[in-house]
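Line order of the protein sequences matches chains P and C. Heads up: the first sequence at position 1 corresponds to 58 in my numbering, and the numbers run straight through without jumps. Heads up: the second sequence at position 118 corresponds to 175 in my numbering, and the numbers run straight through without jumps.
Protein chains: 2
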Amino acid sequence: MLPNLSIQVNECIYLKSPESSELGRKIVTGGINLMDELGFESFTFRKLAVRIESTEASIYRYFESKHKLLLYLTNWYWSWMEYRLMFGMANILNPRERLSRAITLLTEQVDEDSNFSHINEVKLNRIVIAESSKAYQYKGVDDENKIGVFSGYKQLVATVSDVILELNGNYKYPHMLVSTVIEGAHIQRYFAEHLPKLTDEVTGEDAITEFYLDVTFKAIDIKRG
Amino acid sequence: MLPNLSIQVNECIYLKSPESSELGRKIVTGGINLMDELGFESFTFRKLAVRIESTEASIYRYFESKHKLLLYLTNWYWSWMEYRLMFGMANILNPRERLSRAITLLTEQVDEDSNFSHINEVKLNRIVIAESSKAYQYKGVDDENKIGVFSGYKQLVATVSDVILELNGNYKYPHMLVSTVIEGAHIQRYFAEHLPKLTDEVTGEDAITEFYLDVTFKAIDIKRG
DNA sequence: AGAATTTGATAGTAATACTATTATATTTGC
DNA sequence: GCAAATATAATAGTATTACTATCAAATTCT
Chain P
58 MLPNLSIQVN
68 ECIYLKSPES
78 SELGRKIVTG
88 GINLMDELGF
98 ESFTFRKLAV
108 RIESTEASIY
118 RYFESKHKLL
128 LYLTNWYWSW
138 MEYRLMFGMA
148 NILNPRERLS
158 RAITLLTEQV
168 DEDSNFSHIN
178 EVKLNRIVIA
188 ESSKAYQYKG
198 VDDENKIGVF
208 SGYKQLVATV
218 SDVILELNGN
228 YKYPHMLVST
238 VIEGAHIQRY
248 FAEHLPKLTD
258 EVTGEDAITE
268 FYLDVTFKAI
278 DIKRG
Chain C
58 MLPNLSIQVN
68 ECIYLKSPES
78 SELGRKIVTG
88 GINLMDELGF
98 ESFTFRKLAV
108 RIESTEASIY
118 RYFESKHKLL
128 LYLTNWYWSW
138 MEYRLMFGMA
148 NILNPRERLS
158 RAITLLTEQV
168 DEDSNFSHIN
178 EVKLNRIVIA
188 ESSKAYQYKG
198 VDDENKIGVF
208 SGYKQLVATV
218 SDVILELNGN
228 YKYPHMLVST
238 VIEGAHIQRY
248 FAEHLPKLTD
258 EVTGEDAITE
268 FYLDVTFKAI
278 DIKRG
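So, in structure tokens, the structure goes:
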């Protein structure tokens with residue numbers, strides 16, 4: 058579809074670009090598969106090396122630690138979301154409709170994007186839902202934040218905040234609303250699967266997307282687009 | 058104040074009750090101090106043993122793992138919150154006022170509760186904000202959930218959901234709203250400290266509590282109490 | 001006082017999260 | 001087409017973590 062498209066990830070996250078070689082792509086592809094299977098805690102570079110038939114030392118030449126690999130994956134995901142958001146809002150003139158589309162894209166269940174063949178977006182989405190908070194709930198956040206590790210996420214939040222301000226320039230909490238929606242949608246999907254008493258399942262609709270669309274438009278006092 | 062009050066934590070979380078001995082209380086008190094200082098990843102039972110001048114093996118007689126200690130702390134916190142909520146809503150007849158008080162208690166910054174002298178609630182609140190998601194975002198959730206490890210949290214969400222349903226019996230997403238508010242308030246406090254671009258700081262008010270009060274009452278179509 | 005239980009001291013194990021070294025492929029530049 | 005540069009594999013090694021085991025000393029229970 059778009060053969061020359063590539064998602065950029067901040068260079069300070071990796072030692073050597075995983076897009077630059079076959080091994081690099083295997084680390085990312087295999088890393089997504091294995092982290093999805095085992096969870097972040099049980100995932101190790103040793104196990105990944107066995108899975109992709111390479112060695113621990115070779116993986117360490119691409120990523121300093123498994124924490125950096127998680128950062129790489131979440132960053133890729135935020136950049137990919139930003140691109141999907143821009144694409145989904147392009148040429149839509151009505152800002153209410155743009156906001157609807159943005160919230161829907163941020164909260165709905167993702168499916169495969171054939172533009173990026175070495176990344177399984179469904180599995181990556183599951184990793185983001187279950188593990189992404191570990192990428193920033195970490196004693197080293199402040200240092201990592203200084204070197205720009207979270208700029209992709211901030212950018213995404215800023216993009217949607219701008220649409221909100223376009224609809225209601227007086228709204229006081231646009232960033233808080235957007236990050237609440239993004240994080241909330243992830244947590245609710247996790248709860249729906251593991252702790253259903255903490256959420257509400259409604260048959261015949263995507264309750265999570267419905268809920269956050271409703272909350273968002275009511276919060277900014279605008280009728281839904 | 059209430060000298061005979063004690064917060065109950067589900068027995069399956071510990072091997073031996075930390076309330077039952079001096080050492081048990083030192084493990085909890087010291088555990089809170091050290092986990093607040095180091096963060097969950099860098100916290101170890103070996104370091105805690107040095108801090109409280111005991112041994113690793115002795116700590117293991119109370120808690121199977123540091124994960125169980127984190128579960129104990131978060132469970133204590135949810136039970137304590139439930140008690141604060143019940144206390145704060147007691148004898149308030151107007152349900153709008155009850156909901157206001159509940160959301161405020163769930164989202165505001167906590168301070169010391171002199172009823173529980175071996176627990177520092179301010180530090181515990183910081184731990185809950187920074188680490189509590191690691192207590193359930195974990196490959197073993199489903200098994201732990203089966204034995205009732207998260208019932209305190211579910212109970213808390215159910216309590217506030219009931220107030221919402223009292224105000225608007227047709228509201229479709231009471232649990233989703235409450236868990237979004239609780240988790241959201243924690244994440245926003247974390248963002249305010251570490252990733253401020255992801256939130257909004259407004260001078261002269263507790264923006265986080267204000268935001269969630271506003272969102273909650275608008276979501277359920279009720280004027281603020 | 002004697003029995004039972006709790007704690008401390010010490011030791012040990014398998015796994016984790018790396019780092020280092022060297023040999024062998026593979027790519028690139030000329 | 002070949003040497004030089006670079007990337008990868010194979011192997012080994014270290015400090016730390018997350019436990020488990022054993023036994024003696026201290027405490028408490030009756």
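Cβ atoms here follow ideal geometry from the backbone N, Cα and C, with glycine treated the same way. A quick note: this is a predicted structure, and the numbers were derived from the prediction, not measured.
*Below 8 Å on the Cβ atoms is my guess for Val-198(P) versus Pro-152(P); work out the distance and round it to an integer in Å.*
By 1-based counting over the first sequence, the position of residue 198(P) is 141. By 1-based counting over the first sequence, the position of residue 152(P) is 95. So it is not a contact: roughly 33 Å between Cβ atoms.
*asked:* Can you tell me whether Ile-277(C) is helix, strand or coil according to DSSP?
replied: Sequence index remark: in the second sequence, residue 277(C) carries index 220 (1-based). Assignment of Ile-277(C) by DSSP, reduced to helix, strand and coil, places it in the coil class.
*What residue range is occupied by the uninterrupted alpha helix (DSSP H) comprising His-232(P)?*
Looking up residue 232(P) in the first sequence gives position 175. Here the alpha helix (DSSP H) through His-232(P) covers 231-251.
_I'd like the list of long-range same chain contacts for Lys-123(C), defined as Cβ closer than 8 Å, with 5 residues on each side in sequence excluded._
Start at 1 with the first residue of the second sequence, and residue 123(C) comes out as number 66. Closer than 8 Å at Cβ, skipping near neighbours: Phe-97, Phe-100, Thr-101, Phe-102.
*asked:* Below 7 Å on C-beta distance, what does Thr-260(C) contact in chain P?
replied: Here residue 260(C) is taken as the residue at index 203 of the second sequence, counted from 1. Those do not exist, as Thr-260(C) stays about 11 Å from chain P at its closest Cβ, beyond 7 Å.
*asked:* Taking the straight line between their C-alpha atoms, what separation do you get for Glu-113(P) and Leu-80(P)?
replied: Here residue 113(P) refers to the residue found at position 56 of the first sequence. Here residue 80(P) refers to the residue found at position 23 of the first sequence. Whole-angstrom Cα-Cα distance: 12 Å.
*Which residues of chain C have a Cβ atom closer than 7 Å to the Cβ of Asn-202(P), listed in chain order?*
What you label residue 202(P) is simply residue 145 of the first sequence in a count that begins at 1. The contacting residues are His-251, Leu-252.
*Assigned secondary structure, Ser-174(P) (DSSP; H/G/I helix, E/B strand, else coil)*: In the first sequence, residue 174(P) corresponds to position 117, counting from 1. Coil, per DSSP.
*Beta-carbon separation (whole angstroms), Glu-240(C) vs Gly-241(P), contact threshold 8 Å*: The sequence position of residue 240(C) within the second sequence is 183, counting from 1. The sequence position of residue 241(P) within the first sequence is 184, counting from 1. Going by Cβ atoms, the distance from Glu-240(C) to Gly-241(P) rounds to 7 Å, so yes, they are a contact pair.
*Proximal residues, the stretch 227-243 of chain C versus chain P, C-beta separation under 8 Å*: Listed by position along the chain: Lys-229, Tyr-230, Pro-231, His-232, Met-233, Leu-234, Ser-236, Thr-237, Glu-240, Gly-241.
*In its own chain, which residues sit with a C-beta less than 6 Å from the C-beta of Asp-170(C), not counting the 5 before and 5 after it?*
Mapped onto the second sequence, residue 170(C) falls at position 113. Excluding positions up to five away in sequence, the list reads Glu-178.
*Taking contact to mean at least 3 C-beta pairs separated by less than 8 Å, is the stretch 271-282 of chain C in contact with the stretch 210-228 of chain C?*
With contact defined as three or more Cβ pairs closer than 8 Å, the stretch 271-282 of chain C and the stretch 210-228 of chain C are in contact.
*Ser-99(C): contacting residues in chain P (beta-carbon distance under 8 Å)*: On the second sequence, position 42 is the one that residue 99(C) refers to. Neighbours of Ser-99(C) in chain P, taken as residues whose beta carbon is under 8 Å from its own, are Lys-196 in chain order.
*Please confirm if the stretch 130-150 of chain C is in contact with the stretch 208-215 of chain C, defined as three or more CB-CB distances below 8 Å between the two stretches.*
When C-beta atoms of the stretch 130-150 of chain C are compared with those of the stretch 208-215 of chain C, three or more pairs fall below 8 Å, so the two segments count as touching.
*Could you confirm whether any beta carbon from chain C is found closer than 8 Å to the beta carbon of Ser-190(P)?*
What you label residue 190(P) is simply residue 133 of the first sequence in a count that begins at 1. Closer than 8 Å: yes.
*Does the distance from the CB of Leu-162(P) to the CB of Leu-130(P) come in under 8 Å?*
Taking the first sequence and counting its residues from 1, the one referred to as residue 162(P) is at position 105. Taking the first sequence and counting its residues from 1, the one referred to as residue 130(P) is at position 73. In this structure, Leu-162(P) lies away from Leu-130(P), with their beta-carbon atoms at least 8 Å apart.
*So, using beta-carbon positions, are Lys-191(C) and Lys-180(P) closer together than 8 Å?*
Here residue 191(C) refers to the residue found at position 134 when the second sequence is read from its first residue. Here residue 180(P) refers to the residue found at position 123 when the first sequence is read from its first residue. No, the pair does not count as a contact, with Cβ atoms beyond the cut-off.
*Could you spell out the range, first to last residue, of the alpha helix (DSSP H) harbouring Gln-212(P)?*
On the first sequence, residue 212(P) is found 155 positions in, with the first residue counted as 1. Judged by DSSP secondary structure, Gln-212(P) falls within the alpha helix (DSSP H) whose first and last residues are 208-224.
*Within the same chain, show all residues whose beta-carbon is closer than 8 Å to that of Arg-82(P), passing over the 5 residues directly before and after it, in chain order.*
The sequence position of residue 82(P) within the first sequence is 25, counting from 1. Hits under 8 Å: Pro-75, Glu-76, His-175.
*Residues of chain P with CB under 8 Å from Gln-245(C), in chain order?*
Translated into the one-based positions of the second sequence, residue 245(C) becomes position 188. For Gln-245(C), the neighbours in chain P by C-beta distance under 8 Å run, in chain order, Met-233, Ser-236, Thr-237.
*asked:* List, in chain order, every chain P residue whose beta-carbon is nearer than 9 Å to that of Phe-120(C).
replied: Numbered from 1 along the second sequence, position 63 holds the residue referred to as residue 120(C). Neighbours of Phe-120(C) in chain P, taken as residues at a C-beta separation under 9 Å, are lacking, since the least C-beta distance is about 17 Å.
*Return no unless some Cβ of chain C is closer than 8 Å to the Cβ of Thr-164(P).*
What you label residue 164(P) is simply residue 107 of the first sequence in a count that begins at 1. Output row for Thr-164(P): interface = no.
*If you measure from the beta carbon of Asp-257(P) to each beta carbon in chain C, is any gap under 8 Å?*
As a first step, residue 257(P) is located in the first sequence; it is residue number 200 there, counting from the start. True, the Cβ-Cβ gap to chain C drops below 8 Å.
_Looking at Thr-289(P): is its Cβ nearer than 8 Å to the Cβ of Tyr-230(P)?_
Limits of chain P in this structure are 58 at one end and 282 at the other, which puts residue 289(P) out of reach.
*Helix or strand or just coil, what does DSSP make of Val-259(C)?*
If you number the second sequence from 1, residue 259(C) lands on position 202. Coil at Val-259(C), not helix or strand.
*Quick one: any contact between the stretch 84-97 of chain P and the stretch 106-120 of chain P, if contact means 3 or more CB pairs under 8 Å?*
Segments in contact, yes.
_Residue range of the unbroken alpha helix (DSSP H) whose run includes Asn-202(C)_ = Sequence index remark: in the second sequence, residue 202(C) carries index 145 (1-based). Note, Asn-202(C): alpha helix (DSSP H), 198-203.
*asked:* Using only the alpha-carbon positions, how far apart do Val-167(P) and Phe-173(C) sit?
replied: For this step, residue 167(P) is matched to residue 110 along the first sequence. For this step, residue 173(C) is matched to residue 116 along the second sequence. Taking the straight line joining both Cα atoms gives about 46 Å.
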